[in-house]
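Protein chains: 2
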Amino acid sequence: MSLDSMFLANSIAIVGASRDPKKLGYTILKNILDGGFRGKIYPVNPKLDEILGLKAYPSLLNIEGEIDLVVIIVPAKAVPQVMEDAGRKGVKCAIVISGGFREIGIEGEALEKQVLEVARKYGIRVLGPNCQGVNYTYNNLCASWPLLAKKGAIAIISQSGTVGAAFEGWAVEEGIGFSAFVSLGNKADIDEVDLIDFFSRDGNTRVIALYIEGVRDGRRFLEAAKKSSKPIVVLKPGKTERAKVAIQSHTKAVAGRDEVFNAACKKAGVKRVDSLIELYDFSKALAYLNKLRGKNVLIVTSSGGSGILATDLLESIGFKVIEPSSDFKARLRSMLPTHCIVDNPVDLTGDANAEMYEKVLEIAIEEPAIDALLVIFGDPIAGACEVIDRIRRKNDKPVVVCYLGGGEIEKIESREMHSRGIPVFPTPERAVSALKALG
Amino acid sequence: MSLDSMFLANSIAIVGASRDPKKLGYTILKNILDGGFRGKIYPVNPKLDEILGLKAYPSLLNIEGEIDLVVIIVPAKAVPQVMEDAGRKGVKCAIVISGGFREIGIEGEALEKQVLEVARKYGIRVLGPNCQGVNYTYNNLCASWPLLAKKGAIAIISQSGTVGAAFEGWAVEEGIGFSAFVSLGNKADIDEVDLIDFFSRDGNTRVIALYIEGVRDGRRFLEAAKKSSKPIVVLKPGKTERAKVAIQSHTKAVAGRDEVFNAACKKAGVKRVDSLIELYDFSKALAYLNKLRGKNVLIVTSSGGSGILATDLLESIGFKVIEPSSDFKARLRSMLPTHCIVDNPVDLTGDANAEMYEKVLEIAIEEPAIDALLVIFGDPIAGACEVIDRIRRKNDKPVVVCYLGGGEIEKIESREMHSRGIPVFPTPERAVSALKALG
Numbered sequence: 002m003s004l005d006s007m008f009l010a011n012s013i014a015i016v017g018a019s020r021d022p023k024k025l026g027y028t029i030l031k032n033i034l035d036g037g038f039r040g041k042i043y044p045v046n047p048k049l050d051e052i053l054g055l056k057a058y059p060s061l062l063n064i065e066g067e068i069d070l071v072v073i074i075v076p077a078k079a080v081p082q083v084m085e086d087a088g089r090k091g092v093k094c095a096i097v098i099s100g101g102f103r104e105i106g107i108e109g110e111a112l113e114k115q116v117l118e119v120a121r122k123y124g125i126r127v128l129g130p131n132c133q134g135v136n137y138t139y140n141n142l143c144a145s146w147p148l149l150a151k152k153g154a155i156a157i158i159s160q161s162g163t164v165g166a167a168f169e170g171w172a173v174e175e176g177i178g179f180s181a182f183v184s185l186g187n188k189a190d191i192d193e194v195d196l197i198d199f200f201s202r203d204g205n206t207r208v209i210a211l212y213i214e215g216v217r218d219g220r221r222f223l224e225a226a227k228k229s230s231k232p233i234v235v236l237k238p239g240k241t242e243r244a245k246v247a248i249q250s251h252t253k254a255v256a257g258r259d260e261v262f263n264a265a266c267k268k269a270g271v272k273r274v275d276s277l278i279e280l281y282d283f284s285k286a287l288a289y290l291n292k293l294r295g296k297n298v299l300i301v302t303s304s305g306g307s308g309i310l311a312t313d314l315l316e317s318i319g320f321k322v323i324e325p326s327s328d329f330k331a332r333l334r335s336m337l338p339t340h341c342i343v344d345n346p347v348d349l350t351g352d353a354n355a356e357m358y359e360k361v362l363e364i365a366i367e368e369p370a371i372d373a374l375l376v377i378f379g380d381p382i383a384g385a386c387e388v389i390d391r392i393r394r395k396n397d398k399p400v401v402v403c404y405l406g407g408g409e410i411e412k413i414e415s416r417e418m419h420s421r422g423i424p425v426f427p428t429p430e431r432a433v434s435a436l437k438a439l440g
Numbered sequence: 002m003s004l005d006s007m008f009l010a011n012s013i014a015i016v017g018a019s020r021d022p023k024k025l026g027y028t029i030l031k032n033i034l035d036g037g038f039r040g041k042i043y044p045v046n047p048k049l050d051e052i053l054g055l056k057a058y059p060s061l062l063n064i065e066g067e068i069d070l071v072v073i074i075v076p077a078k079a080v081p082q083v084m085e086d087a088g089r090k091g092v093k094c095a096i097v098i099s100g101g102f103r104e105i106g107i108e109g110e111a112l113e114k115q116v117l118e119v120a121r122k123y124g125i126r127v128l129g130p131n132c133q134g135v136n137y138t139y140n141n142l143c144a145s146w147p148l149l150a151k152k153g154a155i156a157i158i159s160q161s162g163t164v165g166a167a168f169e170g171w172a173v174e175e176g177i178g179f180s181a182f183v184s185l186g187n188k189a190d191i192d193e194v195d196l197i198d199f200f201s202r203d204g205n206t207r208v209i210a211l212y213i214e215g216v217r218d219g220r221r222f223l224e225a226a227k228k229s230s231k232p233i234v235v236l237k238p239g240k241t242e243r244a245k246v247a248i249q250s251h252t253k254a255v256a257g258r259d260e261v262f263n264a265a266c267k268k269a270g271v272k273r274v275d276s277l278i279e280l281y282d283f284s285k286a287l288a289y290l291n292k293l294r295g296k297n298v299l300i301v302t303s304s305g306g307s308g309i310l311a312t313d314l315l316e317s318i319g320f321k322v323i324e325p326s327s328d329f330k331a332r333l334r335s336m337l338p339t340h341c342i343v344d345n346p347v348d349l350t351g352d353a354n355a356e357m358y359e360k361v362l363e364i365a366i367e368e369p370a371i372d373a374l375l376v377i378f379g380d381p382i383a384g385a386c387e388v389i390d391r392i393r394r395k396n397d398k399p400v401v402v403c404y405l406g407g408g409e410i411e412k413i414e415s416r417e418m419h420s421r422g423i424p425v426f427p428t429p430e431r432a433v434s435a436l437k438a439l440g
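Residue numbers (my numbering), protein chains in the order written: chain A, 2 to 440; chain B, 2 to 440.
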């Protein structure tokens, strides 16, 4: 069944809404309000008449209008009854934030089963329990925390609230934003496969970033990933035995054999990464850069050292920092100051400016032997953003930008680039990682 | 000969000082002034009487007082004569910022030789030419750019201005600062070996961070590194053939055989890293954390996922995320809420607070089987800094801190920790990298 009622909800009830700023029932209601959600909002709390300026209802059954989505933040034992009410009210989706289910042992497991039975009876899709909710920026719907609202192209699906929150935080701080954050929790019903299906069809999402500790059904995962029209990047620990033990304690997930998962990823074209930063950088690259057609890279830099670091890294992972053609070199030589190094990397040296970059890049992007440009700004170079914005429109070769050592000007330029959908990477190695993502 | 005259200079002449804000002769004089240098400052420029409020001199020979250090920013051809003047004036150290020497070809090479001959005749030590100068924060001496002044414990020696500037920028932004930044340039005279010697004896430096593209004399490097009382971290590209070519063009350095350099590093106890971020993280860890006595790590976290990522990474590089003793577990069990996971990682879960961390860490730091603590704050946990500051004083086991997903509170706490000399790492993988540095 479709998850539209969750992400595109027009009306939301928050069961367990609270006036106490220390409680999640307050935080989530406030984030939905402050996030600018435009649909109807119904706080439910039998003890209160009004919360944060909104009329409060004693139960879901007292609400007159239709309800698309219910967010549940009451003690675990009360959740099955809330689900019953939701079912009778015709609700299609529920997010169960509350903990105290499968993750605490046998008693919780029984309770989780009960919730699921009610859900099946009424055809309600359930996210969680024991999760951090959903943030879908294009519906101004932050049924989660922290409140982050910057719209972007990456959907983050995470079995860890913190991993998701850290990712969201970076995306917002850099100004690239995200389309959605979904916290999986115990995955009683909705899992990564359902979400891959949804975001594959979501017009606002260009990349699906996944942190998972286990896959429930390998075959379904493989099929969904194969079918996905969007690239998928996945961070999945569990290579070592100790991590597998910790995963069992954390989400009761079975990590499975790592080689099997690896093989499945390769088969389905899923990009598997090894670290949180790589999950972020790969997603950023795939969301905002064109595909790579070949392995030949030209580096243009104002910092010799950074160019050399990039060269070493690219060559060691199978890229080619090719010797440019003599014609190409001659053209560059004729228009650059003599102290510039015309080779690959093209080193414009420390007194480079935006105009010099543009001249070189205009020629380089048209050079048939070159598949991608790695542009390193290694000094405070004003106007860098404008140059890249013009160059990237010339054709569909990827232009990867690295900016470092540029002080305040770097910050201004990087922010401007991110706001225009030009990803910037802060070190040569992270820029190389972006190229790896595209390859 | 000692480099004290350079770093501990009491009087500086800037030859080529300028009033034009676009020129380096302006920037450097201004940075020396604004950096708060307390000694005498003599601008030298035959065309001006006064620059930035200081009396200007037509040549070094017109200055009456003694001069410890000369900074030279005149066209390459004029440098030998300036060196002659410096020699006759009894100057002991010169920093040649000017480019146009060996890096531009045969003509420049001859000029560099000439400068060196004058230097040898008078016993002047020369940094550069073609370099970005020196910043020694403990003498408030920024004869370089950008102007950065935050005092810290890491000396940065770099054959690339940008690599050094990026490193400085991060250290200042995080609030840990640095003791010195030295730009090597063409290494006509002073090289990494001289600087290792100096910083090994410098009371303000605890770690030497090195970016180099080649070592002139492998044996001398090995000896200096062995003798150094401070840990040395080195980033040296040149593993691939293309990078070796680029190194030749950049600094005319010979990268040499990578295996040979690798072996030398191992022999001398030098930590070799593969990326710029690793250079930074290793340096930070070695400057501010105690040595590691063994490989057994206990992870304490509020984020299950982050703890699992750290476990996987630690175990895959030879650390042991050991099963804690049953006595240890029983003690924790008795004082923690039932939903916390008492194992390794100890998972305090999302509602953890500083008090819970402190209780656990107080016991953990005394546990004989545990050699190091990896503490992950994966939520907005106020008071984290105070807890770590108390725990790290209990004994000499390293306490590595990771903070992520904590929004504004994370920023405040991280800044406070850095200001107290407690390094904080922003992802599980970078915290693991810090432990690797200590091992």
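For glycine and all other residues, C-beta sits at the position ideal for the given N, C-alpha and C.
Being a predicted model, the structure only gives us computed values, none of them experimental.
- Contact set for residue 194(A): own chain, Cβ-Cβ below 6 angstroms, skip 5 residues either direction: 221, 222 and 225
- Query: Do the stretch 194 to 207 of chain A and the stretch 226 to 237 of chain A make contact, defined as three or more Cβ pairs closer than 8 angstroms?
  - Reply: The stretch 194 to 207 of chain A, when compared against the stretch 226 to 237 of chain A, does touch it at the 8 angstroms Cβ threshold.
- Message: When you compare the CB positions of residue 322(B) and residue 258(A), do they come within less than 8 angstroms of one another, or not?
- Response: no
- Task: Starting from the C-beta of residue 421(A), find all residues in its chain whose C-beta is less than 8 angstroms away, skip the five residues before and the five after it, and write them out in chain order.
- Result: 386 and 390
- Task: Check whether the Cβ of residue 340(A) lies closer than 8 angstroms to any Cβ atom in chain B.
- Result: yes
- Query: What residue range is occupied by the uninterrupted beta strand (DSSP E) comprising residue 371(B)?
  - Reply: No beta strand (DSSP E) holds residue 371(B); DSSP gives it neither H nor E.
- According to DSSP, residues forming a beta bridge with residue 348(B): 302(B) and 342(B)
- Test: residue 248(B) CB closer than 8 angstroms to a CB of chain A: yes
- Item | Short-range partners of chain E found in the stretch 415 to 430 of chain A, where Cβ spacing is below 9 angstroms | Checking the listed chains, one finds no chain E in this structure; the protein chains it contains are A and B.
- Item | Nearest neighbour of residue 99(A), chosen from 123(A), 427(A) and 29(A) [CA to CA] | 29(A)
- Query: Excluding five sequence neighbours on each side, which residues of the same chain lie with their C-beta closer than 6 angstroms to the C-beta of residue 177(A)?
  - Reply: 153 and 419
- Measure the alpha-carbon distance for residue 348(A) versus residue 428(A) and round it to whole angstroms. 17 angstroms
- Message: Counting only Cβ pairs nearer than 7 angstroms, list the residues of chain A close to residue 322(B).
- Response: 243
- Could you work out which residue in 170(B), 316(B), 133(B) and 215(B) is closest to residue 309(A) when comparing CA atoms only? 215(B)
- Hey, does residue 214(A) have any beta-carbon neighbour from chain B nearer than 8 angstroms? Interface flag for residue 214(A) against chain B is set, since a Cβ pair is found closer than 8 angstroms.
- Message: Are there any heavy atoms of the ligand ADP lying less than 7 angstroms away from the beta-carbon of residue 372(A), as far as the coordinates show?
- Response: As far as ligands go, the structure on display features none, and thus does not contain the ligand ADP.
- Message: Tell me the residue span of the beta strand (DSSP E) that contains residue 73(B).
- Response: 70 to 73
- Query: Would you call the CB atoms of residue 109(B) and residue 184(B) closer than 8 angstroms?
  - Reply: no
- Using a Cβ-Cβ cut-off of less than 7 angstroms, list which residues of the stretch 164 to 187 of chain A approach chain B; keep chain order. Close to chain B, meaning a Cβ-Cβ distance shorter than 7 angstroms, are the following residues of the stretch 164 to 187 of chain A: 164, 166, 167 and 170.
- Message: Along the stretch 368 to 401 of chain A, where does the CB come closer than 7 angstroms to a CB of chain B? Name the residues.
- Response: Within the stretch 368 to 401 of chain A, the residues whose Cβ lies closer than 7 angstroms to some Cβ of chain B are 379 and 380, listed in chain order.
- Counting along the chain, where does the beta strand (DSSP E) carrying residue 320(B) start and finish? Here residue 320(B) belongs to no beta strand (DSSP E), and DSSP marks it neither H nor E.
- Within-8 angstroms CB hit, residue 28(B) to chain A: Not one chain A Cβ lies under 8 angstroms of residue 28(B).
- Query: At least one CB of chain B closer than 8 angstroms to the CB of residue 348(A): is that the case?
  - Reply: yes
- What are the boundary residues of the beta strand (DSSP E) that residue 281(B) is part of? Residue 281(B) -> not in any beta strand (DSSP E); alpha helix (DSSP H) instead, spanning 277 to 289.
- Determine whether the Cβ of residue 312(B) lies closer than 8 angstroms to any Cβ atom of chain A. yes
- Query: Using a Cβ-Cβ cut-off of 6 angstroms (strictly less than) and excluding sequence neighbours within five positions of residue 358(B), which residues of its own chain qualify?
  - Reply: When the five nearest sequence neighbours on each side are left out, the beta carbons in the same chain lying within less than 6 angstroms of the beta carbon of residue 358(B) are those of 388, in order along the chain.
- Task: Measuring alpha carbon to alpha carbon, tell me which of 203(B), 207(B), 186(B) and 204(B) ends up nearest residue 213(B).
- Result: 186(B)
- Throw me the rounded Cβ distance for the residue 155(A) and residue 210(A) pair, which I believe falls under 8 angstroms. 6 angstroms
- Is the beta carbon of residue 88(A) sitting closer than 8 angstroms to the one on residue 119(A)? yes
- Cβ-based burial, residue 303(B) [other Cβ within 10 Å; buried from 16]: buried
- Proximal residues, the stretch 126 to 137 of chain A versus chain B, C-beta separation under 9 angstroms: 133
- Task: Identify the contact partners of residue 240(A) in chain B, using a Cβ-Cβ distance below 7 angstroms as the criterion.
- Result: In chain order: 313 and 317.
- Item | Inter-residue Cα distance where the pair is residue 412(B) and residue 355(B) | 16 angstroms
- Query: Pick from 439(B), 398(B) and 380(B): whose alpha carbon is nearest that of residue 368(B)?
  - Reply: 398(B)
- Does any residue of chain A bring its CB to less than 8 angstroms from the CB of residue 309(B)? yes
- Message: Need the endpoints of the alpha helix (DSSP H) that residue 199(B) sits in, please.
- Response: Residues 193 to 202.
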